[in-house]
Amino acid sequence: MCRSPAPGPHRWLPRPQAECEKHTSAQDCWLILAGKARRPALGRSRPRALTGSQVYNVTEYLDEHPGGGEVMLSVAGKDATEDFEDVGHSNHARSMLAKYELGAFAGGESARPARKTVVADGSGSGGAGLAKLLQLLLPLLVIALALAAYALKPAAEAAA
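Numbering-wise (the numbering used here), the sequence shown opens with residue 570 and increments by one.
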């Protein structure tokens, strides 16, 4: 297994995107997470606020991850913040990150082309904007039709 770089001055150097993208296998898995959970202050049980983006070598944790190593491999070498936050990790899970930290994320352009997210109808991520628009407009349309039916009801009763 690939271990974190040995302690020394190079261990905490900022890691650019291109370097992170080279570590995407079960033998060498790095993740980028926005924010660093600082250790809790004395008398506090929760980690302090998050700071900056950090790079983590989670290779040794893949087999132990409760959700399975495949979950982490699917976001290896890139920003995994959204996936990490969507799951709602515990304070204990957040505190475990310190063990795997390599250093700050230096940013940079991705050498890999962006992936298109496939939605149920197969239209790709372009359909997400339309879906959000429909989520907004459909309830408004139902309300407008209900108001129109209500307004026309007295006119229809008067004609009868």
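Virtual Cβ for every residue (Gly too), placed ideally from N, Cα, C. These numbers were taken from a predicted model, which means no experiment stands behind them.
Would you mind listing the alpha helix (DSSP H) stretches within the stretch 635 to 665 that are 4+ residues and don't spill past its ends, in chain order? 638 to 642 and 650 to 656
Would you mind reading off the limits of the beta strand (DSSP E) that contains residue 623? 622 to 626
Please state whether DSSP places residue 567 in a helix, a strand or coil. Here the chain covers residues 570 to 729 and nothing more, so residue 567 does not appear.
I'd like the span of the alpha helix (DSSP H) that includes residue 587, first residue to last. 586 to 589
Given a cut-off of 8 Å on the beta-carbon distance, is the pair residue 599 and residue 630 in contact? no
Per DSSP, what are the beta-bridge partners of residue 582 in this structure? Answer by DSSP bridge pairing: none, since residue 582 is not bridged.
Any idea which residues DSSP pairs residue 673 with across the strands? 623
What residue range is occupied by the uninterrupted beta strand (DSSP E) comprising residue 603? 597 to 603
Thinking C-beta only, is residue 628 closer than 8 Å to residue 655? no
Alpha carbon to alpha carbon, how far is residue 717 from residue 708? 14 Å
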